[in-house]
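Colleague: Protein chains in written order, with the numbering used here: chain A, 53 to 169; chain B, 166 to 337. Virtual Cβ for every residue (Gly too), placed ideally from N, Cα, C.
In structure tokens:
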């Protein structure tokens, strides 16, 4: 009986209520890192794609500009031309040499550079 | 033990229902309310991370975790005895329902004077609402030991709190 009275008296006291459970920093940190990684992957991918697109037409352009300028020199037609029209053959060979050999007439031509030395 | 993990809702619900009693239990070892609250928060935040498999007896698990966490905290420098200092610092673990600070101070002082094993038995019995069998199972000790600790604790508390108990009888 006495114990019961004491127990009831003790139950009249209550444990202090703790504050609300704080948010877990680790969870937020993990979410932040995941979000940052996703953004980095997206930006990196976009940048890479952009650079690829920018680089591709340039290559095509180079090919296009070079293709028509390349003289089509073949042995049989040239031989025939040499026999039938030597002047025309000289013309074709001169044009081809201007395309294939370094420029000897410009201000920064190989010959001028060598001459200065 | 199953493979199910405790969901965040399970954890928050356990905290809502048992948080105050668990903090009171932690106070048994670390004395100050703020230290006890830190211990309990740390345990619940670990549970919220979702890496813990749901124990068969969540409550017994929580009390054991609080006990271990509190003893570690005490080893790492938290104060060890509840009492007047904590009360005066506004860091008391108990309050009386009618707001009487003097008797709350007396209770904390009386609890602080009990040997630790008796103090924890009283806290588990009175404020966690465990039976003596449940206390024995949670602490992993024989029922007779729990019963004798509880009996000795009540005797000492009756002596320490006699004036307040007499007041109480006078009121009724």
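Decide if residue 293 of chain B is buried, meaning its Cβ has at least 16 other Cβ atoms within 10 Å, or exposed.
Modeller: buried
Colleague: Secondary structure at residue 205 of chain B, three-state DSSP: helix, strand or coil?
Modeller: helix
Colleague: Work out the CA separation of residue 153 of chain A and residue 128 of chain A for me, nearest whole Å.
Modeller: 22 Å
Colleague: Tell me the residue span of the beta strand (DSSP E) that contains residue 261 of chain B.
Modeller: 259–261
Colleague: On the DSSP letters alone, give me the boundaries of the alpha helix (DSSP H) that residue 185 of chain B sits inside.
Modeller: 173–195
Colleague: Strictly by DSSP, which residues pair up with residue 66 of chain A?
Modeller: B/260
Colleague: Taking residue 257 of chain B as the reference, give the member of B/199, B/265 and B/213 with the closest Cα.
Modeller: B/199
Colleague: Please go through the same chain and pick out, in chain order, the residues whose beta-carbon is closer than 7 Å to the beta-carbon of residue 130 of chain A, but skip the five residues on each side of it.
Modeller: 141
Colleague: Apply the 10 Å Cβ neighbour rule to residue 242 of chain B and answer buried if 16 or more other Cβ atoms are within range, or exposed otherwise.
Modeller: With a threshold of 16 other beta carbon atoms within 10 Å, residue 242 of chain B falls short and is exposed.
Colleague: For residue 138 of chain A, report the span of its alpha helix (DSSP H) as first-last.
Modeller: 138–152
Colleague: List the residues that DSSP assigns as beta-bridge partners of residue 170 of chain B.
Modeller: B/218
Colleague: Residues of chain B with CB under 9 Å from residue 81 of chain A, in chain order?
Modeller: Those within 9 Å of residue 81 of chain A in chain B number zero; the least Cβ separation is about 11 Å.
Colleague: In the segment 173–186 of chain B, which residues sit with their C-beta less than 7 Å from some C-beta in chain A, listed in chain order?
Modeller: 177, 180, 184, 185 and 186
Colleague: Of the choices B/328, B/236, B/226 and B/302, whose alpha-carbon is the least far from that of residue 275 of chain B?
Modeller: B/328
Colleague: Starting from the beta carbon of residue 59 of chain A, find every residue of chain B whose beta carbon is closer than 7 Å, and list them in chain order.
Modeller: Correct list: 291.
Colleague: In whole angstroms, give me the CA-to-CA distance for residue 302 of chain B and residue 88 of chain A.
Modeller: 48 Å
Colleague: Would you say residue 68 of chain A lies against chain B (beta-carbon separation less than 7 Å)?
Modeller: yes
Colleague: If I measure Cβ to Cβ from residue 321 of chain B and keep anything under 8 Å in the same chain, skipping five residues before and after, which residues do I get?
Modeller: 275, 278, 279 and 283
Colleague: Any idea what DSSP makes of residue 328 of chain B, helix, strand or coil?
Modeller: helix
Colleague: Have a look at residue 94 of chain A and residue 209 of chain B and give me their C-alpha separation to the nearest angstrom.
Modeller: 36 Å
Colleague: Is the CB-CB distance between residue 195 of chain B and residue 230 of chain B below 7 Å?
Modeller: Cβ distance not < 7 Å, so residue 195 of chain B and residue 230 of chain B don't count as in contact.
Colleague: Could you compute how far the alpha carbon of residue 75 of chain A sits from the alpha carbon of residue 330 of chain B?
Modeller: 42 Å
Colleague: From this set, A/61, A/161, A/71 and A/72, which residue's C-alpha is nearest residue 262 of chain B's C-alpha?
Modeller: Minimum Cα distance to residue 262 of chain B is reached at A/61.
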